[in-house]
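In the numbering used here, the protein residues as written are 49 to 433.
Structure, rendered in structure tokens:
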């Protein structure tokens, strides 16, 4: 008797590079029983991204479509409708396209796809030309969604509205907490790999793509003050550029102008973030906005004290080792408080907070079992109606 094929869930994303939402979906894919449930991905970039080799190795498929820029909206709608007509096997769509999910999920509803999930990962702030489109699409999205997911309360409130808060499923940005357990011998090794041999050197770390949201320019200003107050310090920046390296190159130029080229290490896109975190002493995230960033869960699991901006949801503090500083505060104030936090931890042995993160509900194993069952039950219920 032939083995039954797995249920294939179609995931909509811009590109499967090492961003937060993408990393989250990969964590789930790795921990599913892939003989029962698996992911295929429909992306909007024509280049081969960081996770694509692994996706295919795990049995997933990758499809491509035109970008979702305003000039392509009409083309995207035509192509997506044709795609669904060619692939009637997709009965569940899980969209990470934020407010732009309006386009594909509306078409999916028209084509009779019974389970249509929109997943909120961010909480944009400020107003620009994009905001006009964002508001138009997000106000119309809920009508075409069967299930609302969010990484945190604030992200869900933004995408779906506070009136729908009780309908939103808080889907964890879960991680394999066992991979982040602090190992002092590994920490020494990692530091040496990046040229840090003095145990008293203060290593400040950041993980995030070079994108305006992550506020790298202000981050460099903060580190310049940290370095002024603590010359025996370095900054590790993990992450790559968005489509191109224009912003990353601008940050490198700023680093050189400030004379910090020997103290700031650009570590690039990495598949071993869990290792790199071991070598840090403190983690910083001065973002302009966030949903509930997976990097914060990873940093806390590895036992790092963290400093975040007041635009990052307080909900991401699951260990009590996170301090919040307003973006209106000066770089000097940020530096003072970061170093004060470091001093408070310097006299103690660093321990892993992996168990605390697990107890807070962020371990991938239990979450993957839950999500796998959710897909099966949601489809069965929809098809009974």
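Heads up, the beta-carbon is just placed ideally off N, CA and C, and yes, glycines get one too.
| query | result |
| --- | --- |
| As a quick exercise: from 249, 224 and 303, pick the residue whose alpha carbon is nearest that of residue 272. | 303 |
| Measure from the alpha carbon of residue 165 to the alpha carbon of each residue in 138, 100 and 319, then state which is nearest. | 138 |
| Only counting runs of 3 or more residues, tell me where the beta strand (DSSP E) segments fall wholly within the region 242 to 320, in order along the chain. | 250 to 255, 281 to 286 and 312 to 316 |
| In this structure, what does DSSP give as the bridge partners for residue 354? | 331 and 370 |
| Confirm, please, whether the CB-CB distance from residue 313 to residue 242 is below 7 Å. | yes |
| Can you grab the Cα-Cα spacing for the pair residue 381 / residue 266, in whole Å? | 12 Å |
| Just to confirm, are residue 192 and residue 154 a CB contact at a threshold of 7 Å? | yes |
| Return the CA-CA distance between residue 291 and residue 179, expressed in angstroms with no decimal places. | Any reading at residue 291 must be qualified, since the residue scores a pLDDT of 48, below 50, and its modelled position is unreliable; the value itself is stated next. The straight-line gap from Cα to Cα measures roughly 21 Å. |
| For residue 55, which of helix, strand or coil comes out of DSSP? | strand |
| Going by alpha carbons, who is nearest to residue 428 out of 162, 102, 170 and 63? | 162 |
| Report the residue from 72, 212, 95 and 107 whose alpha carbon sits nearest the alpha carbon of residue 143. | 72 |
| Can you name the start and end residues of the beta strand (DSSP E) that residue 223 belongs to? | Run containing residue 223: none; DSSP gives neither H nor E here. |
| Using the rule of at least 16 other Cβ atoms within 10 Å of the residue's Cβ for burial, across every protein chain shown, is residue 260 buried or exposed? | exposed |
| Should residue 81 be labelled buried (16 or more other beta-carbon atoms within 10 Å of its own) or exposed? | exposed |
| Can you tell me whether DSSP reads residue 87 as helix, strand or coil? | strand |
| Once you ignore the five residues that flank residue 113 on each side, which residues in its own chain have a CB closer than 8 Å to its CB? | 90, 91, 92, 124, 127, 128 and 131 |
| I'd like to know whether the C-beta atoms of residue 99 and residue 74 end up nearer to each other than 7 Å. | yes |
| Once DSSP output is grouped into helix, strand and coil, what is the label at residue 376? | coil |
| What distance in whole Å lies between the Cβ atoms of residue 364 and residue 341, which are believed to be in contact at a cut-off of 8 Å? | 6 Å |
| Assuming residue 145 contacts residue 62 (C-beta within less than 8 Å), just tell me the rounded distance between them. | 7 Å |
| Can you tell me whether residue 346 is buried or exposed? The criterion is at least 16 other CB atoms within 10 Å of its CB, across all chains shown. | buried |
| On the CB-based measure, 16 or more other CB atoms within 10 Å of its CB, does residue 322 come out buried or exposed? | buried |
| Out of curiosity, what's the CA-to-CA distance linking residue 229 and residue 393? | 17 Å |
| What does the alpha-carbon distance come out to for the pair residue 370 and residue 354? | 5 Å |
| Less than 8 Å between the CB atoms is what I'm expecting for residue 359 and residue 335, so what's the real figure, rounded? | 6 Å |
| Suppose the cutoff is 7 Å on Cβ atoms and the five residues either side in sequence are ignored; what does the same chain contact list for residue 387 look like? | 274, 277 and 278 |
| Spell out the partners DSSP gives residue 360 in its beta bridges. | In the DSSP output, where bridge partners are listed per residue, residue 360 has none listed. |
| Helix, strand or coil for residue 228? Go by DSSP, reduced to three states. | helix |
| Straight-line CA distance for residue 338 to residue 181? | 19 Å |
| Taking 7 Å as the threshold (C-beta atoms), are residue 88 and residue 56 in contact? | yes |
| What separation, rounded to the nearest whole angstrom, lies between the Cα atoms of residue 34 and residue 213? | The structure shown has nothing for residue 34, since the chain only spans 49 to 433. |
| Count the other C-beta atoms from every protein chain shown that fall within 10 angstroms of the C-beta of residue 423, then say buried if there are 16 or more, exposed otherwise. | buried |
| Measure the C-alpha to C-alpha separation of residue 102 and residue 171 and round it to an integer number of angstroms. | 29 Å |
| Looking at C-alpha atoms only, which residue of 384, 134 and 156 is the closest neighbour of residue 269? | 384 |
| List, from N- to C-terminal side, the beta strand (DSSP E) runs of 3 residues or more that fit wholly inside the region 65 to 125. | 85 to 91 and 110 to 112 |
| Skipping 5 residues on each side, what residues in its chain have a beta carbon closer than 7 Å to that of residue 416? | 76, 79 and 80 |
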